[in-house]
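Colleague: Sharing a structure with you now.
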Amino acid sequence: MSDEDFKQKLKSLDEKKLRLILIQLFEKLNFQEIDHHHGTTEFGKDIVFYEKDTFGNKVWYACVVKSGNITQSTLGEVHRQVRECFKSKYPSTSFGRVQINKVMVICSGVFSGNTKTLIAEEIDESNKSDVTFWSQNQLSDYFKDKGLTNLVVNKNQNVLLTKFNEQMLTDVLQNKSLKFLQTDFDINIDNFGEFELSVKARSTKFEKDREKYLEGHTTKLPVRFLPDTKKIIENRRSLFLHGIATSGKTTILKKIGKDFILSKPNSIAFYIELNKLNNDSITPVSNYIDDFYYNLTKHSFDIADYDNQDILFLLDGLDEVQNLDLRKKIINEIKAFAISDYNIQIILSSRTSDIVKNDLELDSIFDQFELMSLNLGELVKVGEKIIPDGQQAESFVAMVTKGEIVNAFPKTPLTTILLAILFKEDKIDPKDLPRNITELYEKFMDLFLDKWDKERGVSQQYKLKERLYVLKEIAGKMHYNNTKEISREELLKFLKKLKVERPVEILKNPEEFLENIGTNSNILIYNNETNKFRFFHLTIQEYLSSLAYSSKNEIYLADNILDEWWLNPSIFYAGKVPENASLVSQIAKLKQYPTDTLDKSTYIIHASKVLKAAHLISNSERKYMLKSMLGLFDKMTKELILSLIGEKDPKYYKRTILDLILWARSFYMDYFSSNQFHDCLKEIWLEISDDNSITFTDITRYCITYDLSISERNADFLLEFILADDSLNPRWSKIIDVDISVKNLKYDRKGKPILKLRQSAVRNKKYIAKQFNERISKHYKSITSIDE
């Protein structure tokens with residue numbers, strides 16, 4: 107494009123867009139605190155900023171901006187604005203009310219005739235030398251020099267949006283949690299995306315399952331996987347992603363955000379860590395968006411500007427919102443976003459799924475997916491990124507493909523990175539592999555702190571155990587205070603107090619310790635903007651905080667079994683000495699009895715995970731815990747059924763008995779089905795079968811036998827359940843017949859049990875179909891042991 111054509115484009119800009127692209131130019135010119143001040147209270151100042159002179163003093167500028175030429179007809183307005191710029195002080199957000207030192211009169215055209223002279227004549231003598239003039243010639247040179255011509259040429263480009271999306275793209279590509287790889291282990295990887303892993307997720311909704319129990323069931327269960335990000339962005343469906351810690355939830359959210367921004371430059375995306383929201387407002391998500399957008403653009407966010415565009419909300423970590431009132435506000439906003447007239451897509455993440463699954467309205471908004479473990483091929487890919495080619499790499503591949511180590515802990519991106527680092531540093535002996543997640547983190551922390559001693563030039567007095575003790579105390583304090591961040595001031599105060607209480611040599615100079623930990627290692631990451639520290643990953647804080655507990659104070663963990671915030675510390679604690687059943691026994695006693703349905707659900711979920719961590723306790727102790735969990739599961743199911751009967755909202759009362767059975771089975775399989783639990787559950791089932799005083803509902807007994815039959819690939823348990831009790835409703839004949847066929851379970855094809863089952867299913871076909879399609883209130887009394 108010729109210079110003349112470019113100047114014509116510049117001249118044709120409307121005043122609002124001219125101001126916005128000038129702001130980007132001023133940023134390129136390194137001016138500070140640039141404020142788009144145009145409005146009813148501007149007092150002549152369209153744009154304000156400052157620069158420092160040779161002596162470090164701030165020189166404040168105000169800009170009077172006009173589109174096109176400045177002529178005799180516009181002269182009066184310009185005179186007024188220039189006078190007001192000097193006369194009225196500017197309210198700086200950082201420095202209070204400041205005097206404007208210089209004024210720039212800027213137009214995208216030319217100053218016609220003698221307008222410059224006339225403007226100067228109206229200015230006080232003391233200020234005349236402080237007024238400068240920019241026309242299209244100066245602007246053209248600056249825009250070309252700073253590479254901003256595209257902002258002028260592209261008429262359809264939203265300048266604010268471009269600026270915002272550039273910053274958002276930077277945010278979603280950054281992962282400060284991985285900085286430790288480079289600083290502490292010389293591994294140059296900026297984000298999980300560099301591993302080129304395709305984290306898989308499977309659908310966790312069971313609505314389609316119900317079709318198999320109606321007419322025409324098939325013999326195969328389709329597993330629906332998370333679509334690639336391109337399809338997610340195209341179909342605009344909202345997603346709920348859940349998975350254990352380190353499973354890659356944040357990674358997927360950020361990848362969706364990156365691809366959305368790059369593929370839809372005229373749309374807008376917001377990535378929000380939900381635990382950072384403020385509870386002061388009834389709309390915390392909207393308030394955060396408004397503040398974030400304004401701080402970045404100096405312009406108010408108006409969702410109506412995107413009426414015909416796509417809007418993406420990436421909401422990360424609902425489970426980390428500890429304040430239940432704040433969590434409720436967030437959920438209410440999500441529901442409001444979902445039914446708004448704007449084209450809003452929501453991607454929500456959480457470690458646990460119960461928050462969404464137990465809210466039927468929220469449940470209906472999302473396609474739901476559980477993040478799955480990495481497969482062996484993906485584990486090998488991680489190893490190849492961490493470990494150089496050669497014999498060591500081959501040994502790592504052999505270890506993960508042939509050994510039992512991959513079954514010892516969750517196969518997630520972060521745990522696999524830690525495993526590969528340990529192998530690379532020769533800290534894993536194939537004869538002494540980590541037995542669980544706690545041992546993996548323990549070995550990693552030992553390596554981390556040992557490298558800090560040897561490679562950072564720290565004197566020998568900084569001993570590994572002392573440093574681990576201090577980090578444990580810091581993590582314990584942060585976790586006890588329900589926070590992921592701690593201010594430098596508060597941390598320094600805590601370390602000084604610790605120094606007085608304990609003879610810890612590394613705390614002789616707490617300031618030096620803080621300086622050392624912030625600059626020489628990235629186990630604690632310091633944020634210069636907020637002046638706060640945080641551990642590079644929440645699981646590191648959770649592991650270290652678990653070290654602050656022993657038999658003397660473990661009751662605190664048991665008392666907080668219903669609190670999601672304390673789940674991982676409890677898991678790490680139980681895994682520390684996996685043959686110790688003390689914490690498991692405390693939890694099983696139900697001293698903190700979960701009174702409502704949601705609390706019963708939470709108890710079962712958390713107890714199951716702690717029980718799996720304590721994998722070497724005796725079967726009698728495991729069985730005791732499982733009985734407590736089963737008792738709560740049975741009561742929870744009854745309470746849910748009875749609550750639905752009295753519901754007036756059609757979203758709830760129209761649920762069928764089949765819906766409830768499938769929900770209960772799905773929940774049971776998530777938290778009871780385990781190789782660790784199988785033998786104990788088998789014994790418990792025998793006790794239930796032989797003891798008529800155990801009055802579990804038929805739904806609970808079905809779930810137990812379904813799990814046992816699936817685990818052993820044998821239909822005997824299901825057949826035993828239905829044929830041992832003549833009082834069972836005929837619906838079970840249909841359900842179990844379908845289960846046997848779909849899951850391809852072994853059974854005696856000529857035996858009487860299967861023939862009797864199928865005869866019942868055929869004989870009661872219409873009645874069963876009616877049950878499966880009518881609301882639960884019409885059929886709930888047919889559930890055994892239900893008592894209104």
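Each residue of the sequence shown is one higher than the one before, starting from 107 at the first, in this note's numbering.
Backbone N, C-alpha and C define an ideal beta-carbon position, used for all residues, glycine too.
Only a predicted model underlies this, so the values are computations on that prediction, with no experimental measurement involved.
(1) Compute the beta-carbon to beta-carbon distance between L904 and G363, rounded to the nearest angstrom, for a pair I have assumed lies under 8 Å.
(2) According to the neighbour-count rule (16 or more other Cβ atoms, all chains shown, within 10 Å of its Cβ), is T160 buried or exposed?
(3) Would a C-beta distance cut-off of 8 Å place A789 and I800 closer than the cut-off?
(4) Does the stretch 879-894 touch the stretch 849-861, meaning 3 or more C-beta pairs lie closer than 8 Å?
(5) So, helix, strand or coil for T325, using DSSP?
(6) By a C-beta neighbour count over all protein chains shown, 10 Å radius and 16 as the cutoff for buried, is M720 buried or exposed?
(7) Assign S724 to buried or exposed, taking buried as 16 or more other Cβ atoms, counted over all protein chains shown, within 10 Å of its Cβ.
(8) Of all the options H348, R342, I388 and T335, which has the alpha carbon lying nearest to the alpha carbon of D365?
(9) Report the three-state DSSP secondary structure of A687 (helix, strand or coil).
(10) Tell me whether Q130 sits in a helix, a strand or coil according to DSSP, three-state version.
(11) Return the residue from the list T743, W671, L383 and S734 that minimises the CA-CA distance to D702.
(12) What does the alpha-carbon distance come out to for the pair Y717 and M731?
(13) For a test of the three-state rule: what should DSSP assign to M775, helix, strand or coil?
(14) Okay, do the stretch 374-393 and the stretch 425-441 touch, 3+ Cβ pairs below 8 Å being the bar?
(15) If we call anything under 8 Å between Cβ atoms a contact, is P519 one with L546?
(16) Which residue from S118, L126 and I206 puts its Cα closest to that of F155?
(17) Look up Q106 in the DSSP assignment and say whether it is helix, strand or coil.
(18) Among L245, K222, L829 and R342, which has the Cα closest to the Cα of S235?
(19) Taking the alpha-carbon positions, what's the V216 to N256 distance?
(20) Give me the Cβ distance between L468 and L347, rounded to the nearest whole Å; I'm assuming they're in contact under 8 Å.
(21) Does the beta-carbon of V427 have 16 or more other beta-carbons within 10 angstroms, so that it is buried, or is it exposed?
(22) Under the assumption that I492 contacts K549 (Cβ atoms under 8 Å), give the Cβ distance between them as a whole number of angstroms.
(23) R330 to N666, Cα distance in whole Å?
(24) Figure out for me which residue from E685, F678, G737 and R573 has the closest Cα to the Cα of L696.
(25) Can you tell me whether H784 sits near the ligand PLP, meaning its C-beta is under 7 Å from at least one heavy atom of the ligand?
(26) Drop a sphere of 10 angstroms on the beta-carbon of L135, count the other beta-carbons inside from all chains shown, and report buried for 16 or more, exposed for fewer.
(27) Taking R640 as part of the beta strand (DSSP E), name the residues at either end of that continuous run.
(28) What's the C-alpha gap between H323 and V844?
(29) Taking the alpha-carbon of K638 as reference, which of A410, L620, V462 and P700 has the nearest alpha-carbon?
(30) How would you label M107, buried or exposed, when you count the other beta carbons within 10 angstroms and need 16 or more for buried?
(31) What's the gap between the Cα of H643 and the Cα of L597?
(32) Just reading off the alpha helix (DSSP H) that Y853 is part of, what are its end residues?
(33) Would you report the Cα separation of F132 and V462, rounded to the nearest angstrom?
(34) On the criterion of 16 or more Cβ atoms from any shown chain inside 10 Å, does P675 qualify as buried, or is it exposed?
(35) With DSSP as the reference, identify every bridge partner of Q865, one or two as the case may be.
(36) In angstroms, rounded to a whole number, what distance separates the CA positions of A770 and E880?
Modeller: Answer, in terms of the structure:
(1) Nothing in the structure corresponds to residue 904, since the chain is present only between 107 and 894.
(2) Walking along the sequence shown from the start, residue 160 turns up at place 54. Label assigned to T160: exposed.
(3) Within the sequence shown, the letter at position 683 stands for residue 789. Within the sequence shown, the letter at position 694 stands for residue 800. Going by the sequence as given, residue 789 is Glu instead of Ala. Cβ distance not < 8 Å, so E789 and I800 don't count as in contact.
(4) no
(5) Your numbering for residue 325 matches position 219 in the sequence shown. Any reading at T325 is ruled out, since the residue's pLDDT is 34, under 50, leaving its predicted position unreliable.
(6) Within the sequence shown, numbered from 1, the residue matching residue 720 stands at position 614. What sits at residue 720 in the sequence shown is Ala, not Met. So A720 counts as buried.
(7) The sequence position of residue 724 within the sequence shown is 618, counting from 1. S724 comes out exposed.
(8) As a working mapping, residue 365 is identified with position 259 in the sequence shown. The shortest C-alpha separation from D365 is found at T335.
(9) Position 581 of the sequence shown, counted from the start, is the residue given in the question as residue 687. A687: coil per DSSP, three-state reduction.
(10) The residue you call residue 130 lines up with position 24 of the sequence shown. In this structure, Q130 counts as helix in the three-state DSSP scheme.
(11) Looking up residue 702 in the sequence shown gives position 596. D702 has its Cα closest to that of T743, out of T743, W671, L383 and S734.
(12) Here residue 717 refers to the residue found at position 611 of the sequence shown. Here residue 731 refers to the residue found at position 625 of the sequence shown. Per the sequence presented here, residue 717 reads as Leu, with Tyr not at that position. Going from the Cα of L717 to the Cα of M731 covers about 8 Å.
(13) As a first step, residue 775 is located in the sequence shown; it is residue number 669 there, counting from the start. Correct three-state label for M775: helix.
(14) yes
(15) In the sequence shown, the residue the question calls residue 519 occupies position 413. In the sequence shown, the residue the question calls residue 546 occupies position 440. In this structure, L546 does not lie closer than 8 Å to P519 by Cβ.
(16) Taking the sequence shown and counting its residues from 1, one reaches residue 155 at position 49. Ranking S118, L126 and I206 by Cα distance to F155 puts I206 first.
(17) Coverage of the chain is limited to positions 107 through 894, which leaves residue 106 absent and any answer about it impossible.
(18) Locating residue 235 in the sequence shown gives position 129, where the first residue counts as 1. For S235, the nearest C-alpha among the options comes from K222.
(19) Residue mapping note: residue 216 aligns to position 110 of the sequence shown, counting from 1. Residue mapping note: residue 256 aligns to position 150 of the sequence shown, counting from 1. Each residue's Cα considered, the two are about 21 Å apart.
(20) One-based indexing of the sequence shown puts residue 468 at position 362. One-based indexing of the sequence shown puts residue 347 at position 241. The pair is not a contact, with the Cβ atoms about 14 Å apart (cut-off 8 Å).
(21) One-based indexing of the sequence shown puts residue 427 at position 321. That one is buried.
(22) Counted from its first residue, the sequence shown places residue 492 at position 386. Counted from its first residue, the sequence shown places residue 549 at position 443. No, I492 and K549 are not in contact; Cβ-Cβ is about 15 Å, not under 8 Å.
(23) On the sequence shown, position 224 is the one that residue 330 refers to. On the sequence shown, position 560 is the one that residue 666 refers to. Interpretation of R330 is limited by its pLDDT of 46, a score under 50 that renders its predicted location unreliable; the figure taken from the coordinates is listed afterwards. Approximately 35 Å between the Cα atoms of the pair.
(24) On the sequence shown, position 590 is the one that residue 696 refers to. Nearest of E685, F678, G737 and R573 to L696, Cα basis: G737.
(25) Inclusion of the ligand PLP in the displayed structure is not the case, the ligand content being empty and no account of it being possible.
(26) Residue numbering aside, residue 135 sits at position 29 when the sequence shown is read from its first letter. Exposed, because fewer than 16 other Cβ atoms sit within 10 Å of the Cβ of L135.
(27) Indexing the sequence shown from 1 puts residue 640 at position 534. Looking at the DSSP string, the run of the beta strand (DSSP E) that includes R640 is K638 to F641.
(28) Stepping through the sequence shown from its first residue, residue 323 is reached at position 217. Stepping through the sequence shown from its first residue, residue 844 is reached at position 738. Low per-residue confidence applies at H323: pLDDT is 40, beneath 50, and the placement is therefore not dependable, though the value from the model is reported in the following sentence. So the alpha carbons of these two residues sit roughly 7 Å apart.
(29) Taking the first residue of the sequence shown as position 1, residue 638 is located at position 532. Nearest of A410, L620, V462 and P700 to K638, Cα basis: L620.
(30) Stepping through the sequence shown from its first residue, residue 107 is reached at position 1. That one is exposed.
(31) Here residue 643 is taken as the residue at index 537 of the sequence shown, counted from 1. Here residue 597 is taken as the residue at index 491 of the sequence shown, counted from 1. Their Cα atoms are separated by approximately 18 Å.
(32) Here residue 853 refers to the residue found at position 747 when the sequence shown is read from its first residue. Neither: Y853 is in no alpha helix (DSSP H) and is coded neither H nor E.
(33) Counting from one through the sequence shown, the residue named residue 132 turns up at place 26. Counting from one through the sequence shown, the residue named residue 462 turns up at place 356. If I take the Cα positions, the gap works out to 46 Å.
(34) Indexing the sequence shown from 1 puts residue 675 at position 569. By the neighbour-count rule (16 or more Cβ atoms within 10 Å), P675 is buried.
(35) Counting from 1 along the sequence shown, the entry for residue 865 is found at position 759. None, per the DSSP bridge assignment.
(36) Translated into the one-based positions of the sequence shown, residue 770 becomes position 664. Translated into the one-based positions of the sequence shown, residue 880 becomes position 774. Cα-Cα distance, rounded: 18 Å.
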